[in-house]
Amino acid sequence: MGEITYSDALNHALKEEMRRDEKVFLMGESIRGGIYGVTGGLSQEFDKRVIDTPLSENGFMGAAVGAAAVGMRPIVQSLASFAWVAMDQLVSQAAKMRFMFGGQVNLPIVYRWGLLYGNNIAAHHADRPYPMFMNMPGLKIAIPSTPADAKGLLKTAIRDNDPVMFFEDNNLAGSRGEVSEDPEICIPFGKAEVKREGADVTVVTIAGTLRPALAVADELESDGISVEVIDPRTIVPLDTKTILDSVEKTGRLVVVDPAHRSCSVASEISSIVSQEGFWSLQAPIQRVTSLDCHFPFSPALEHLVYPNEDKIADAINLTLE
Amino acid sequence: MGEITYSDALNHALKEEMRRDEKVFLMGESIRGGIYGVTGGLSQEFDKRVIDTPLSENGFMGAAVGAAAVGMRPIVQSLASFAWVAMDQLVSQAAKMRFMFGGQVNLPIVYRWGLLYGNNIAAHHADRPYPMFMNMPGLKIAIPSTPADAKGLLKTAIRDNDPVMFFEDNNLAGSRGEVSEDPEICIPFGKAEVKREGADVTVVTIAGTLRPALAVADELESDGISVEVIDPRTIVPLDTKTILDSVEKTGRLVVVDPAHRSCSVASEISSIVSQEGFWSLQAPIQRVTSLDCHFPFSPALEHLVYPNEDKIADAINLTLE
Amino acid sequence: MPEGKELYMLMLRRMMLIRKFDETVKDLVQSAELVGMAHCYIGEEAVAVGACTALRDEDYITGNHRSHGHPISKGGDVRRAMAELLGKATGYCKGKGGSMHLADFDIGILGESGIVASALPVAVGAAMGSKMQNTDRVVISFFGDGASNQGACHEAMNLASIWKLPVIFLCENNQYAVTTSFKETVSTENVSDRATAYNMPGVLVDGQDVMAMHEATVHAVQRARAGEGPTLLEAKTYRYEDHSEGLNRILREPYRTEEEIEFWRQRDPIDIHSKWLLENDVASQEEIDKVQNDVYEAIGDALQFARESPYPDEADLFTDLFADPIPLR
Amino acid sequence: MPEGKELYMLMLRRMMLIRKFDETVKDLVQSAELVGMAHCYIGEEAVAVGACTALRDEDYITGNHRSHGHPISKGGDVRRAMAELLGKATGYCKGKGGSMHLADFDIGILGESGIVASALPVAVGAAMGSKMQNTDRVVISFFGDGASNQGACHEAMNLASIWKLPVIFLCENNQYAVTTSFKETVSTENVSDRATAYNMPGVLVDGQDVMAMHEATVHAVQRARAGEGPTLLEAKTYRYEDHSEGLNRILREPYRTEEEIEFWRQRDPIDIHSKWLLENDVASQEEIDKVQNDVYEAIGDALQFARESPYPDEADLFTDLFADPIPLR
Ligand SMILES: Cc1ncc(C[n+]2csc(CCOP(=O)(O)OP(=O)(O)O)c2C)c(N)n1
Ligand SMILES: Cc1ncc(C[n+]2csc(CCOP(=O)(O)OP(=O)(O)O)c2C)c(N)n1
Ligand SMILES: [Mg+2]
Ligand SMILES: [Mg+2]
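Chains as they are written, first to last, in the working numbering: chain A, 1 to 321; chain B, 1001 to 1321; chain C, 2001 to 2329; chain D, 3001 to 3329.
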């Protein structure tokens, strides 16, 4: 055990799995130089299994499907905002192929998507498309928020036989945490983690919003408010039971999601709980999301769009009114 | 006034608006021949303003943005399942351009998307991506369910100065209804219509699910259950007030949406009502959606995925338990 | 792999199988026994048959919406294909795919894509996999003249070229995309002219001549197996039928002339090959007739099999979405 | 449009403006006064300046992430550009766009796209609009060697060709996409070799020579205005800086040699043009120095303007998303 960064945790997962199974290989733009952190050192060890691609996301993300269909286990690296140019291969091929062909083929692919937002990166680089992929059957979706989850979930994703959309929150890249060095530790999909126990309000967080939520929870503790914080870790499959059990206990729910509000994961979790946990709820569920507005570049505006500690605290207080 | 089909209503809207404003033009694949119904006869009258394109959706849907940016008013025709190949231009350009450039440019574009599903068309042609577009700021979204709405909303869409995603439910193509011949009748965006008044349960329907919902409402009438049916008609902007007012009256809500369940419009409406109408609700909100599973081709399976009268009736009954 | 007479007769048989299969499809659509959409390959049989007979069983193909000719050419089972078209549990995809989505991974048929040009990147990936696993398997990706204008086509060809992958891009130029002539949508005279943009050979082939198709493909396959990279083959061909069955009913104006259709019917691939077999004393008329009869029987049998097969069960809906399943919502 | 000495001095001025603008950007990134990402155009100035000086004010351009050179070349206001980079309300996009998204619709700058190759279809549409409105406005779309491998590029070029649209596709081949050499990603020797795939002229130009760039563009513009359709110009050029400012810090291995960088520095576009001005007695060293000083002043002034400008207000967040607004949620 040792404290390592989120980026290094991902790097270790890649390295261990590439050592374990030579069918695993990596594709992406300028990844051999390790410019985006995570892949550093891999091209030295695995050489031909780390492939720099042209700027042809639709092409190489589709090639991943073909390679997987004939027995390889590709891992594709990109930024979430570049998913749009590749959408057809992700949806028409990766998500649909197995079902459409009656289960004839497994597609063990991991698409690793960097999430940039909150860093003055402007609208063209700030997308958080996981709610959209959640609306598309056939894709599993993981979004780790700690180094340990990053490593454990990525390993599971690589070993899984289905296409996995793996979202890496770049705001967490340098964050540190304890991570096991045991190469067999994988975190199963569909198991939420209670990141902090509490009795009064349940807060479910997606991606990087775990940290501000924990900070708020610590603060409210001193006001005598006990906040339970849950990270679903994977949204497909979604561990509704852990969330519902918590709401049964607290009677109150806030969902925090950096995606835009409409049709977000926050909407989905809210609608599940409002249906299945209806009789437990003692107050309206609050959603804290990004506004339905693009991320503006200006440092004066950007933070207004994004969930933050104040908004989370306000939402918690609303449920307690 | 006369009874015309949904397809003809759309055709009339196009014709009237193309006569009214010569900046309006049409682009799409094999539309001059009128093969997809709606555009029949337009190439004869408007010739060069009806353009057959190559199979390059990303290219010509982006060209619509450029043409709009320099003063034209393009209407683009396609099927919803072909949005994936054009996603980058729809998201990165159509949806983001105006905001990103600080409001310098108007983009009066209508993207007309045929929705095919429920007709054994299989997974590659059965997409209903409007919930995904609802998660992307910058796009208005209309989904008419009657001939009158089809005409009135399409006219509004064409006159609107923003990009509009206009979804046409092909299951309704031949359905008939009264449609005004007055070329100045436009239906404003953001105004839901109460399609049927009722007192016990509110049913909100999206697209073609209006018809089975109305049928169920008629049937339940005889059991003494009074169902109010509301069609939001546009989901961006969404008329939450009409829905909330209705739920305040009925205390019960069923949302029917042919999209896949997770992060659907049904999820969004459910989460809005469960928050803002919390104290009115007397029972859990029910969602009737397509399952989170692709549409199978087989006639033996397809209908199992899709909302239908039985499922709607069951959901209504659940809210009354 | 068959050679000589065996090969030539196999070509005849497969072309006839496709013809009869699709004529049956026409009838089934007309009688509404077949629901959904169906795109017939009638008139284009020599293209896929000439090409696929240059492949080994373990080689791969990908196809498109005009979707029955490719798998049958690769040795696909007409019973399972027909059952799929009728949505039966015994179909290739257990009824989940239907006409536009046939696949048989056991014999390298990696599937047809209903989204135009969408299978090209997949084909490139299969070739990557083949190369990375040090097999010498090659891939043929079938696509139309219309598909050639998709961005996916550009990306796929460039990737295959820079990585010297064993792919053959086979453009079936039947000259129309639905009602739109390729002359109005493709900026070059031939689709194969674009090969230079990817530094690969571009070869124009008579798509009505199965022998020519075969020969051109053999060369491209050799090149691919030798690690020399991809080839763009363009088969000039023609479809006799509507774009999809029944479409002409709703067409306001004809987009091609009766003369043009007749011209191409005079260049029927089955006739041309039959004549060649006779003129070169490869086969007698009786032998040809026997193939015809066999094929009629095979398709009759396939139809019967399909009709008698059960539909999938409700429970089948909940399988096949994931290999490592999760609860469905 | 300026000609003769006026033109040549304008070229010098604009190149120097870009150079100084981007040197200032470097400093601002280093001191963290400029947040977000910034891609410098230093070394490539002759490309956009040579090209845009062949345009009229009412002609259009679209650009990409390497985003300061294009608008300045088209006559954009460095004050508003700099203010945008600092996220100020007086910026071109009121601070909403930032470095990668400059636009000035009043003088035909239709905007820069952060998504690689995404502006090409937009450029084609502007050309469509120009043609449909019977103006003779032309469009230049700037894109990189990396961008040339995107499907959007293929679709845009084919559309422009079949519809004979007044577009110039100007590939700034600076030979790398981030750290990846174009030799490993583009299957032809030159990007302009691909022009044949679209039946349009493909012209290779020395991108360090502003006069050559200008001349080549003048020809392409003439062709476009005459209704003869698009041209693909490829400027061979080089960026001196990191792909984006600060990126090299996290680079594990160098991807280009010091010698290569030095080779290209010896072919500096501003030096080449200055020398040409002197050798041809177009301008004296004093005149050149004066332009340099003016430019320093202009950029100093722009920076001061940007610094002193107010940030946008909270309320500004809720504007500009829609022309016909709706309540924001
Ligand atoms: C991306 C996409 N756009 C449009 C369609 C609708 N469509 C199906 S087939 C077809 C024409 C295809 O033409 P071509 O590639 O030449 O093949 P052909 O039908 O002539 O064999 C069209 C427009 C589609 N399936 N996918
Ligand atoms: C679709 C997409 N993929 C990847 C990126 C990330 N990216 C930004 S610039 C760049 C390299 C572009 O290279 P090139 O087109 O040659 O332009 P240059 O930077 O050399 O001027 C990459 C990979 C992006 N912005 N958009
Ligand atoms: Mg065709
Ligand atoms: Mg470059």
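Backbone N, C-alpha and C fix where the C-beta goes; we use that ideal spot for every residue, glycine too. None of these values were measured; they are calculated from a predicted model.
Nearest neighbour of C/Q2304 by Cα position, chosen from C/D2313, C/R2239 and C/G2091, turns out to be C/G2091.
Listed by position along the chain, the residues with Cβ atoms less than 6 Å from a non-hydrogen atom of ligand 4 are D/G3144, D/D3145, D/G3146, D/N3174, D/Y3176 and D/A3177.
Straight across, the Cα-Cα distance linking A/D292 with D/L3012 is about 45 Å.
Two segments are said to touch when three or more pairs of C-beta atoms, one from each, lie closer than 8 Å; by this definition the region 2193-2200 of chain C touches the region 3171-3191 of chain D.
Looking at the DSSP output, A/G28 bridges to A/D52 and A/Q77. Beyond the five residues adjoining it in sequence on each side, B/K1140 comes within less than 8 Å, by CB distance, of A1157, D1160, D1162, P1163, V1164, M1165, F1189, T1234, V1236 and P1237 in the same chain, given in chain order.
Listed in chain order, the beta strand (DSSP E) runs fully inside the region 2181-2262 of chain C are 2202-2206 and 2231-2236, counting runs of at least 3 residues.
D/Y3311 sits in coil when the DSSP states are folded into three classes, being neither helix nor strand. In terms of CA proximity to D/R3066, D/Y3240 leads the group D/Y3240, D/S3130, D/M3009 and D/W3264.
The residue among A/P74, A/S81, A/D245 and A/Y117 with its C-alpha nearest the C-alpha of A/N308 is A/Y117. With a minimum length of 4 residues, the unbroken runs of alpha helix (DSSP H) contained wholly in the region 2112-2190 of chain C fall at 2119-2132 and 2151-2162. At least one heavy atom of ligand 2 lies closer than 7 Å to the C-beta of D/H3039. By the neighbour-count criterion, in which a residue is buried when 16 or more other Cβ atoms sit within 10 angstroms of its Cβ, D/Q3175 is buried. Under a 10 Å Cβ-count criterion, C/I2250 is classified as exposed, with fewer than 16 other Cβ atoms of the shown protein chains found around its own Cβ. The region 2122-2135 of chain C makes no contact with the region 2076-2090 of chain C: fewer than 3 CB pairs, one atom from each, lie closer than 8 Å.
Boundaries of the beta strand (DSSP E) around A/F167: V164 to D169. Only G2151, A2152, E2155 and A2156 from the region 2142-2157 of chain C bring a Cβ to less than 7 Å from some Cβ of chain A. D/V3025 sits away from D/E3172, with the two beta carbons spaced by 8 Å or more.
Take B/P1074, set aside five residues on each side of it, and the residues of its chain with a beta-carbon closer than 7 Å to its own are F1025, M1027, A1064, A1067, A1068 and I1109, in chain order. The residues M3015, M3016, R3019 and E3045, in chain order, have a CB closer than 7 Å to that of D/I3270 in the same chain once the five nearest residues on each side in sequence are set aside.
Residue A/Q275 holds the alpha-carbon nearest to the alpha-carbon of B/V1254 among A/I269, A/Q275 and A/V305.
Chain A has a Cβ within less than 8 Å of the Cβ of C/C2093.
Residue environment analysis places B/G1138 among the buried positions, since at least 16 neighbouring C-beta atoms fall within 10 angstroms of its C-beta.
Between ligand 1 and C/I2261, a heavy atom-to-CB distance of less than 7 Å is absent. Ligand 1 approaches C/I2115 closely enough that one of its heavy atoms is under 7 Å from the residue's Cβ. Secondary structure of A/H260 (DSSP, three-state): strand. For ligand 1, a non-hydrogen atom lies closer than 7 Å to the CB of B/F1082. For A/D245, the enclosing alpha helix (DSSP H) starts and ends at T240 to T250. Two segments are said to touch when three or more pairs of C-beta atoms, one from each, lie closer than 8 Å; by this definition the region 3092-3110 of chain D touches the region 3051-3059 of chain D. Only those residues of the region 3012-3043 of chain D whose C-beta falls short of 9 Å from the nearest C-beta of chain B would be listed, and there are none.
C/H2070 is not a Cβ neighbour of B/A1122, given a cutoff of 8 Å. Within the region 1076-1110 of chain B, contact with chain A at the beta-carbon level (separation under 7 Å) is assigned to W1084, V1085, M1087, D1088, V1091, S1092, K1096, F1099 and M1100.
Using a CB distance below 8 Å, the part of the region 157-189 of chain A facing chain C consists of D160, N161, D162 and F189, ordered along the chain. B/T1205 and B/H1012 have their C-alpha atoms roughly 25 Å apart. Just so you know, the alpha carbons of A/R176 and D/E3259 end up roughly 40 Å apart.
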